[in-house]
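Chains as they are written, first to last, in this note's numbering: chain L, 1 to 716; chain A, 717 to 1023.
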């Protein structure tokens, strides 16, 4: 077989596909794919809605013409697709457009959508519908590349559900039109889900390749009049932050650490709101600011020289290559982190410690001597930037050895040592405590460890601490007073104790990694993940982070408060919409089940019930032991003067008894007609005038309560 | 064909293409997801992997659990002619008859499938061998197993209608009743005809001669009650035996169609059988059961026990 004939054979149209379910499911997968691209901002609303409509129209057209496709249609569609490809290549080849992989994905989504729309008009056979199904996966992939939160799961689940139904319908069509049963299809979908979850659990996390351009976009950004100033303190992204005040506002993002000075006297309340998401090679502290100057209540970051600007501009980006600071070592092992801003926050550039490169779509950034950074614009929702940080985490053994040999690494100048051992006063009690705790710790690392151990043993963690009085020293109050506190008090105490031992230390503020989402491969950093910790200087290894708060045990809360907190926490985590939908479905199912249980099982039972109901509405007493024909005759008497609908109640009762006990049951049309007549009779009974006040029917008045048993259960 | 059920080994059909396509697709997908760092792309790839795994593995279980029963089969057929066997299946599958061969059939909506098979040789079939295949639930990969199913009743496959033995063929030019008459020199008188050269003198029928004025003679036919005996000796070679059976079939059919009673002598599994055949179908059954034989027994030999 020649190549040409093979190609011709491969392109021969298959037999027309008649399965409507298969076609509906395939169309639905494409529509869901387009909607997903729309939701991720890759398609404009006009393009998305128009494409969805055209896909539906195209599939209807294809179904109608499946046995007789329009001649020349394939050629027209092929030309259209070729033009679309040309458009795509011209678009992505413009240098001004391609700044990262993400910028290609938009045109790619448009191209995929266009292909699906054109293809929808020529889908006569099973193979073509299969292509629609497969093609919808590419649309979903284009959308997935931009998705960063769990709401995308909705699209994935719906798309997968339609995919399961579509493939099941395809298989049904392959075997000659077997019925697609919901149960097995649901089980199959469940199996797909289980395998998918297992695969997700087994696969290693994704890592952005360092050979591509990292994502960085700005959204809702406004240039700042004073570029290096800290903004983001209010609803307006450009509003400058204000120093936190007791009883006043609670700071940027709910955390006081991002409001300029870190005032340990102010109590904040942190929420569960996701403030940003991070895709990173590994979890670490997302550093925002460090503070060098402690005044007894607040931390502040000050310039090296009085009157000088703390932040200096950095150009040449993106990417911005940060100048080598004294605390950094090599730039050969970058830890890449991409930040996706979820709520408008401060113009701080969060990063893992020792940032070396920043991909940020602005002509310049501002950097402090401690390595922290600020943007020259406000950062709105949807802003994205990427930071590469030098991995500089030393092992405890290395830190124990640090300083024992001549250092080949970074060193601190005497001025810097003074800067990071500054104290507002002598702290004699704190110094004595620190010396006694570290009496048997020869190295810096040992001293840090000894102090952390002491804090762990003698303090408790709680956010419920009394306010600090004006002029009261926060460290002394914490160490020699309540010994209760949270990250700010605990880390500050460690930093101050280290400084009393002339060990350079500084306060760091930012976020802990936050919960990792395996589906998005992102760390969802919430407002309550805001944190303060300590950075300690080690010769050779530079600034190393220590988190004494993590070791401190929780304070014993009161049972009532704990219960209220737990209940509020649990109820706060319940998603209202899914739970509401499930509740409604359960309720509807229960009602349906109840109605099914109450529904008559057989035709004779239904007829009996109708006649009994008619008798009750006509004012007659109903006896369960009474023969139905007798009841029918009594009803006949009751209706005698009021023109009952034909056939009359006596005839209906006789027919019912004949069906129940006779040799042959009436056929289906007859049964339907008789049941309809019985219902008409029941309706007419409601309009009868009141019965005369005499006991009707033979014998004594029967009790009203006992229900009539089905005349012949199981009979038609 | 060996009676009884064979071990059911479920095997994939032409698996290389689908498996390779799935591996390549997932590999490329994973590479893109891993290098782009997009978690949802990887999650979506996991869903695709779920589709592939379920679509390629579950059919094995579907085939393994698929049951088939023959619920209808005819008693007779002829070699080379299609015959329908009705099979009930427990789930949608594709059935391909292997022995006897035939056209594959799909279950469709009904659990009963009419499987058209064409036995190539004469014989008695008590079982049929079918391949049961399924690609449920997604149609991505076919898995199949072979089942040997007992028929409802033995299927007698008669030999094809072969050329009759020339010695039994007589000239037949007439039609209707004439075709059934076998002229003979002695036998039953059936009418008169003009004299022909060679006719015997005592055949002259004088009243007819006087009546017509032409010398007329009696016409005789062979007595129809005397049966013809056809002895079938089949060779050990199946092809040769089939040809011999076909020839015997043609001979018997010819004799029967000419009105002759036929006694068919064959050798069956239990021994020689000498019995009259009342029709072509009966002859077909006898020839279907016939097996290659050694020397025939004398006609008057006692039948084997149980006959």
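Glycine residues also receive a C-beta, built at the ideal position from the N, C-alpha and C atoms.
The beta-carbon of residue 152 of chain L is placed less than 8 Å from the nearest beta-carbon of chain A. At a cut-off of 8 Å, the C-beta of residue 852 of chain A has a neighbouring C-beta in chain L.
When the five nearest sequence neighbours on each side are left out, the beta carbons in the same chain lying within less than 7 Å of the beta carbon of residue 649 of chain L are those of 611, 614, 632, 635, 636, 639 and 681, in order along the chain. Beta-bridge partners of residue 543 of chain L (DSSP): L:537. With a threshold of 8 Å between beta carbons, residue 805 of chain A makes no contact with chain L. Residue pairing from DSSP places residue 792 of chain A in a beta bridge opposite A:872. Taking 8 Å as the CB threshold, residue 825 of chain A lines the interface with chain L.
Around the Cβ of residue 297 of chain L, a 10 Å sphere holds 16 or more other Cβ atoms; the residue is buried. Comparing alpha carbon positions, the residue from A:871, A:844, A:760 and A:794 closest to residue 962 of chain A is A:794. For residue 177 of chain L, the nearest CB of chain A lies under 8 Å from its own CB, placing it at the interface with that chain.
Inter-residue distance for residue 566 of chain L and residue 769 of chain A is about 41 Å (C-alpha atoms, whole angstroms).
For chain L, the residues of the stretch 738-766 of chain A that bring a beta carbon within less than 7 Å of one of its beta carbons are 749, 750, 751, 752, 753, 754, 755, 756, 757, 758, 759, 760, 762, 763, 764, 765 and 766, in chain order. Interface annotation for the stretch 517-530 of chain L against chain A: 519, 520, 521 and 522, criterion Cβ-Cβ distance under 7 Å.
Contact between residue 481 of chain L and residue 465 of chain L is ruled out by a C-beta separation of about 10 Å, above the 8 Å threshold. Rounded to the nearest angstrom, the Cβ distance from residue 301 of chain L to residue 310 of chain L is 6 Å, consistent with a contact under 8 Å. Put simply, of A:766, A:969, A:1009 and A:735 the residue whose alpha carbon is nearest the alpha carbon of residue 878 of chain A is A:969. Taking the CA atoms as reference points, residue 840 of chain A sits about 14 Å from residue 865 of chain A. Counting along the chain, the unbroken beta strand (DSSP E) around residue 526 of chain L starts and ends at 522-526. Residue 127 of chain L places its beta carbon 8 Å or farther from that of residue 41 of chain L. For residue 339 of chain L, the enclosing beta strand (DSSP E) stretches over residues 334-341. At a C-beta separation below 8 Å, residue 771 of chain A has these neighbours in chain L: 167.
With contacts defined by Cβ atoms closer than 8 Å, residue 460 of chain L and residue 536 of chain L do not form a contacting pair. The beta carbon of residue 822 of chain A falls within 8 Å of a beta carbon belonging to chain L, placing the residue at that interface.
Under the three-state reduction of DSSP output, residue 8 of chain L falls in the helix class. Listed along chain L are 188 and 191, each with a C-beta nearer than 9 Å to that of residue 774 of chain A. In this structure, DSSP gives residue 725 of chain A a state outside helix and strand, which the three-state scheme calls coil.
The Cβ of residue 163 of chain L sits closer than 8 Å to at least one Cβ of chain A. Fewer than three beta-carbon pairs drawn from the stretch 943-953 of chain A and the stretch 920-934 of chain A are found closer than 8 Å, and the two stretches are therefore not classed as touching. Annotation for residue 31 of chain L: 52, 55 and 56 place their beta carbon closer than 8 Å to its own, counting only its chain and skipping 5 residues before and after. Taking the Cα positions, residue 67 of chain L is about 13 Å away from residue 12 of chain L. Close to chain A, meaning a Cβ-Cβ distance shorter than 8 Å, are the following residues of the stretch 265-295 of chain L: 279. Residue 967 of chain A and residue 875 of chain A have their C-alpha atoms some 12 Å from each other. Listed along chain L is no residue with a C-beta nearer than 7 Å to that of residue 846 of chain A; the closest approach is about 15 Å. Residue pairing by DSSP places residue 861 of chain A opposite A:848 in a beta bridge. Within chain L, the residues 167, 170, 171 and 174 have their CB atoms less than 8 Å from the CB of residue 855 of chain A, given in chain order.
The DSSP-derived three-state label of residue 388 of chain L is strand.
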